[in-house]
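*Asks:* Pasting a structure here, questions to come.
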Ligand code: NAD
């Protein structure tokens, strides 16, 4: 057996938490059922400092107590459809943290009609709005964060199996998630030389506010649990744990992937 003096990235000297001293931005918390909330919890448990965003005053009512419970350093309004909103949030993060080590993009939106109708009936306005909020905002986020990530870091977005397969009632959102997963690969290529790693996490179905807008979502939950090798669906905490891991040095050799956290459902036809 050969010996090496190099330490595994998983080994933490002096029992330091894996994200101690790391700082980042987490978007997309609407309430305590949100995937982004579980991500924020997991990152805090690993020692990371966070800035949290809320979309509007309506959601602030639910998210303010969550931000306080999580000990978020910043709690900022972010509506990616408002000009300058994203850039202003990132500027404030820069002023507070100096450098940024991770950012989580957990936002998506699509009109109900476009979600449930035939994709060829999608209006230009509906397509543009879904693409802007759910995909292009991730590119804009990376662009604004790049100067703050001089020492590298992780950028993570949330995708879904509908990117790869036709999922009933997911409609145009499947096309947009496919673009998002492709964007992750191109972004990983462009930003790799700077040590910035980019991922899409692809959770199985979970009942959240966004998911409640998808018709027959309960049927999807049941059929996914029935076919998944683990015989169940996943929890937001399982998605949070994977996402937090992608922000740590334990995943330092990975970038550009879409990583499923779906109890294995995607491998079964
Ligand atoms: P959620 O409703 O809790 O989160 C969606 C978030 O998007 C909300 O916080 C909302 O405020 C935000 N958002 C929408 N439009 C916005 C805008 N214009 N500006 C800023 N924020 C905006 O639901 P969730 O299920 O936690 O969704 C998070 C992500 O996970 C989404 O990308 C979703 O597609 C993805 N996802 C969800 C599931 C699932 O089954 N729940 C599965 C796979 C992927």
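Numbering (our numbering), first residue to last: -10 to 258.
Quick reminder that beta carbons are idealized off the backbone N, C-alpha and C, glycines included.
Since we're looking at a predicted model, the values are computed, not measured.
1. Can you give me the start and stop residues for the beta strand (DSSP E) that residue 43 sits inside?
2. Would the beta-carbon of residue 39 be found less than 7 angstroms away from any heavy atom of the ligand NAD?
3. Buried or exposed for residue 32, going by 16 or more other Cβ atoms inside 10 Å?
4. So is residue 110 buried or exposed if we call it buried at 16+ other beta carbons inside 10 Å?
5. For a quick check, are the C-beta atoms of residue 217 and residue 251 less than 8 angstroms apart?
6. With distances taken between CB atoms, is the gap from residue 203 to residue 24 smaller than 8 angstroms?
7. Quick check on this structure: which residue in 254, 231, 253 has the alpha carbon closest to the alpha carbon of residue 243?
8. Apply the 10 Å Cβ neighbour rule to residue 9 and answer buried if 16 or more other Cβ atoms are within range, or exposed otherwise.
9. Quick one: complete alpha helix (DSSP H) runs, 4+ long, within the segment 78 to 128?
10. Can you give the Cα-Cα distance for residue 108 and residue 155, rounded to whole angstroms?
11. Just checking, does the segment 132 to 145 make contact with the segment 159 to 166 on the three C-beta pairs under 8 angstroms criterion?
12. Closer than 7 angstroms to a non-hydrogen atom of the ligand NAD - does that hold for the CB of residue 19?
13. Helix, strand or coil for residue 33, going by three-state DSSP, please let me know.
14. Tell me, which residues are paired with residue 66 by DSSP?
15. What residue does the alpha helix (DSSP H) around residue 229 start on, and which one ends it?
16. Helix, strand or coil: which one does DSSP assign to residue 249?
17. Are there any heavy atoms of the ligand NAD lying less than 7 angstroms away from the beta-carbon of residue 233, as far as the coordinates show?
18. Within 10 angstroms of its Cβ, does residue 219 collect 16 or more other Cβ (buried), or is it exposed?
19. Comparing alpha-carbon positions, which option in 4, 256, 21, 238 lies nearest residue 140?
20. Enumerate in chain order the residues of its own chain whose CB-to-CB distance from residue 247 is below 7 angstroms, with the five nearest sequence positions on each side excluded.
21. Checking 8 angstroms against the spacing of the C-beta atoms, do residue 96 and residue 118 come in under that value?
22. So is residue 182 buried or exposed if we call it buried at 16+ other beta carbons inside 10 Å?
23. If you compare alpha carbons, which of 20, 39, 70 is closest to residue 54?
*Replies:* So, from the data block:
1. Counting from one through the chain shown, the residue named residue 43 turns up at place 54. Its beta strand (DSSP E) spans residues 38 to 43.
2. Taking the first residue of the chain shown as position 1, residue 39 is located at position 50. No, the beta carbon of residue 39 sits no closer than 7 angstroms to any heavy atom of the ligand NAD.
3. In the chain shown, residue 32 corresponds to position 43, counting from 1. Buried is the call here.
4. Position 121 of the chain shown, counted from the first residue, corresponds to residue 110. Residue 110 is exposed by the Cβ-count criterion.
5. Within the chain shown, numbered from 1, the residue matching residue 217 stands at position 228. Within the chain shown, numbered from 1, the residue matching residue 251 stands at position 262. Yes, the Cβ-Cβ distance between residue 217 and residue 251 is below 8 angstroms.
6. Position 214 of the chain shown holds residue 203. Position 35 of the chain shown holds residue 24. Contact flag unset, no.
7. The residue you call residue 243 lines up with position 254 of the chain shown. Residue 231 is the option with its Cα nearest to residue 243.
8. Along the chain shown, read from residue 1 onward, the residue named residue 9 stands at position 20. Exposed, by the Cβ-count rule.
9. 101 to 105, 113 to 120
10. What you label residue 108 is simply residue 119 of the chain shown in a count that begins at 1. What you label residue 155 is simply residue 166 of the chain shown in a count that begins at 1. When rounded, the distance between both Cα atoms is 11 angstroms.
11. No, because fewer than three Cβ pairs between the segment 132 to 145 and the segment 159 to 166 fall closer than 8 angstroms, the two stretches do not touch.
12. Taking the first residue of the chain shown as 1, we reach residue 19 at position 30. True, at least one ligand heavy atom lies under 7 angstroms from that Cβ.
13. Position 44 of the chain shown, counting from 1, holds the residue named residue 33. Of the three classes helix, strand and coil, the one that applies to residue 33 here is helix, per DSSP.
14. The sequence position of residue 66 within the chain shown is 77, counting from 1. For residue 66, DSSP records a beta bridge to 43.
15. Position 240 of the chain shown, counting from 1, holds the residue named residue 229. Unbroken alpha helix (DSSP H) run through residue 229: 225 to 235.
16. Translated into the one-based positions of the chain shown, residue 249 becomes position 260. It is a strand residue.
17. By one-based count along the chain shown, residue 233 stands at place 244. Result no, Cβ not under 7 angstroms from the ligand NAD.
18. Taking the first residue of the chain shown as 1, we reach residue 219 at position 230. Residue 219 is exposed by the Cβ-count criterion.
19. Here residue 140 is taken as the residue at index 151 of the chain shown, counted from 1. Per the Cα distances, 238.
20. Taking the chain shown and counting its residues from 1, the one referred to as residue 247 is at position 258. Excluding the 5 residues flanking it on each side, residue 247 has same chain C-beta neighbours closer than 7 angstroms at 148, 170, 173, 189, 191, in chain order.
21. For the purposes of this step, residue 96 is taken as the residue at position 107 of the chain shown. For the purposes of this step, residue 118 is taken as the residue at position 129 of the chain shown. Going by C-beta atoms, residue 96 is not nearer than 8 angstroms to residue 118.
22. Start at 1 with the first residue of the chain shown, and residue 182 comes out as number 193. Under this definition residue 182 is an exposed residue.
23. Here residue 54 refers to the residue found at position 65 when the chain shown is read from its first residue. When each option's Cα is compared against that of residue 54, the closest is 20.
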